[in-house]
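A.B. asks:
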Amino acid sequence: MGSMLYSLLRPLLFSLDPETAHRFTFSAVEKVRRLGLLTGGPIPCQPRSVMGLDFPNPVGVAAGMDKNGEYLETLASLGFGFIEIGTVTPRPQPGNPQPRLFRVPEANAIINRMGFNNQGVDNLVANLRRSNYHGVLGINIGKNFDTPVERAADDYLICLSKVYRHAGYVVVNISSPNTPHLRQLQNAEELDHLLGLVKSKQMELADEHAKYTPLAVKIAPDLEPSQIVSIAALLMKHQIDGVIATNTTLSRAGAEALPHAGEKGGLSGAPLKERATAVVRHLHVVLQGAIPIIAAGGIMCAADAKEKIDAGASLVQIYSGLIYRGPRLVSEVARALCASPVPDLLRSGSG
Numbered sequence: 001m002g003s004m005l006y007s008l009l010r011p012l013l014f015s016l017d018p019e020t021a022h023r024f025t026f027s028a029v030e031k032v033r034r035l036g037l038l039t040g041g042p043i044p045c046q047p048r049s050v051m052g053l054d055f056p057n058p059v060g061v062a063a064g065m066d067k068n069g070e071y072l073e074t075l076a077s078l079g080f081g082f083i084e085i086g087t088v089t090p091r092p093q094p095g096n097p098q099p100r101l102f103r104v105p106e107a108n109a110i111i112n113r114m115g116f117n118n119q120g121v122d123n124l125v126a127n128l129r130r131s132n133y134h135g136v137l138g139i140n141i142g143k144n145f146d147t148p149v150e151r152a153a154d155d156y157l158i159c160l161s162k163v164y165r166h167a168g169y170v171v172v173n174i175s176s177p178n179t180p181h182l183r184q185l186q187n188a189e190e191l192d193h194l195l196g197l198v199k200s201k202q203m204e205l206a207d208e209h210a211k212y213t214p215l216a217v218k219i220a221p222d223l224e225p226s227q228i229v230s231i232a233a234l235l236m237k238h239q240i241d242g243v244i245a246t247n248t249t250l251s252r253a254g255a256e257a258l259p260h261a262g263e264k265g266g267l268s269g270a271p272l273k274e275r276a277t278a279v280v281r282h283l284h285v286v287l288q289g290a291i292p293i294i295a296a297g298g299i300m301c302a303a304d305a306k307e308k309i310d311a312g313a314s315l316v317q318i319y320s321g322l323i324y325r326g327p328r329l330v331s332e333v334a335r336a337l338c339a340s341p342v343p344d345l346l347r348s349g350s351g
């Protein structure tokens, strides 16, 4: 039902401003769900264990689709095995001035400079308390735009403390290109300091809530090989539970000279695929299975997702592909990955 509705709506949606289309899509699909016409759950698969969590299938929705945790049941009905919401910040913020979201349909790409627009962590938690979603939930956390980078850790600790008990896992987002100086936190000294603080807070909260919530870190696709090695070493040093590769790219390779390609912001979609996969592959070599990788970036079909898994990822996330392909992409990718053997390491209950 979701795929059929999207096919009918797509021409209209692509005639609208992207942000307007985003709101309209969620509103329409939510109404269909409330009428009982959209009742699906996770597409069946052999569950796989990643970060100590059992994922009913390996296909998730990336952060940014539902920044405030308002549409969990709607997203779940599309077949996802897990949902990641956010990025959320301690205080509400409007994000960057509009227009700030651009389609590049000739390249199946999107450029955004949203700037962590969200209603704040307290609003997100209130939405979660009202929600009936019981699947695996990731919560992506960041810093407010006006928090000096030297005090960024304070924002991450505030968010981590407030979302901890509600999350299946928490993602420390240090890789958005749209918040000034945020990517500076990927530098070795800054990252070492930040990870030490969030890991300490994670262990404190685990005792407080009698619940261990895994921590993942989301990194950029624009890193040099030496930076990937350095980040991987710090993830292992601080016993971080997972890594998400990757966020959007500042590169315009694959979209040069196309309308909107000159807009500032991060590019996602098909042109990001090879760059993101290369980061996954390099991480896999360096980490040697010590930390699971969740792959995102340029997944527009089942073959793209399989490529990410073959490169070393345990799970995949989609975002831009959902914009261009609609809900049928979720089932296409999930069924393809679920038809492949699950490595023993990822089998639910294997440890």
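Final position of the sequence shown in full-length UniProt numbering is 351; the numbers increase by one with none missing.
The beta carbon of each residue, even a glycine, is placed where N, CA and C say it ideally should be.
Predicted model only: the values in this text are computed from it and were never measured.
With hydrogens ignored, establish whether the beta-carbon of Ala313 is closer than 7 Å to any heavy atom of the ligand NAD.
C.D. replies: As far as ligands go, the structure on display features none, and thus does not contain the ligand NAD.
A.B. asks: So, helix, strand or coil for Asp17, using DSSP?
C.D. replies: Looking at Asp17 - three-state DSSP - the assignment turns out to be coil, as it is neither helix nor strand.
A.B. asks: Quick check: what's the CA-CA separation for Asn187 versus Gly41?
C.D. replies: Cα to Cα, Asn187 sits roughly 40 Å from Gly41.
A.B. asks: Measuring only the C-alpha atoms, how far is Asn140 from Ile244?
C.D. replies: Taking the straight line joining both Cα atoms gives about 11 Å.
A.B. asks: Check this for me: beta carbons of Ile24 and Leu13, under 8 Å apart or not?
C.D. replies: Per the sequence presented here, residue 24 reads as Phe, with Ile not at that position. Contact flag set, yes.
A.B. asks: Check the DSSP bridge columns for Ser49 and list the partner residues they point to.
C.D. replies: Asp54, per the DSSP bridge assignment.
A.B. asks: Taking the C-alpha atoms as reference points, what is the distance between Tyr133 and Ala232?
C.D. replies: C-alpha separation (whole angstroms): 33 Å.
A.B. asks: Should Ile85 and Asp54 be called a contact, given that it needs their Cβ atoms to be closer than 8 Å?
C.D. replies: No.
A.B. asks: To the nearest angstrom, report how far apart Glu30 and Glu189 are at their CA atoms.
C.D. replies: About 44 Å.
A.B. asks: Mind listing, in chain order, the continuous beta strand (DSSP E) runs of no fewer than 3 residues lying wholly within the segment 262–305?
C.D. replies: Counting only runs of 3 or more, we get 266–269, 293–296.
A.B. asks: Using a Cβ-Cβ cutoff of less than 8 Å, which residues in the same chain neighbour Ala167 once the five nearest sequence positions on both sides are dropped?
C.D. replies: So the list reads Leu137, Gly138, Ile139, Thr213, once near-sequence residues are dropped.
A.B. asks: Per DSSP, Thr249 forms a beta bridge with which residues?
C.D. replies: DSSP output for Thr249 lists Leu267 as bridge partner(s).
A.B. asks: Determine, using beta carbons only, whether Ala313 and Ile293 come nearer to each other than 8 Å.
C.D. replies: Result yes, Cβ atoms of Ala313 and Ile293 sit closer than 8 Å.
A.B. asks: Using DSSP with H/G/I as helix, E/B as strand and the rest coil, what is Gly135?
C.D. replies: Coil, per DSSP.
A.B. asks: Is the separation between the beta-carbon of Gln46 and that of Cys338 shorter than 8 Å?
C.D. replies: Result yes, Cβ atoms of Gln46 and Cys338 sit closer than 8 Å.
A.B. asks: Can you give me the Cβ contacts of Ala62 inside the same chain, cut-off strictly under 7 Å, excluding the 5 residues immediately before and after it?
C.D. replies: For Ala62, where only same-chain residues beyond five positions count, the Cβ hits under 7 Å are Glu84, Ala296, Gln317, Ile318, Tyr319.
A.B. asks: So within the segment 21–99, which uninterrupted alpha helix (DSSP H) runs reach at least 4 residues, ignoring any that extend past its ends?
C.D. replies: Fully enclosed alpha helix (DSSP H) runs of 4 or longer: 72–76.
A.B. asks: Mind the definition here: the segment 155–171 touches the segment 101–108 only if three or more C-beta pairs lie below 8 Å; say whether that holds.
C.D. replies: No contact exists between the segment 155–171 and the segment 101–108.
A.B. asks: If we ignore side chains and look at the alpha-carbon of each, how far apart do Asp310 and Ser49 end up?
C.D. replies: One C-alpha to the other measures close to 17 Å.
A.B. asks: Could you spell out where the beta strand (DSSP E) holding Val104 opens and where it closes?
C.D. replies: Taken as a continuous stretch (DSSP letters only), the beta strand (DSSP E) holding Val104 covers 101–104.
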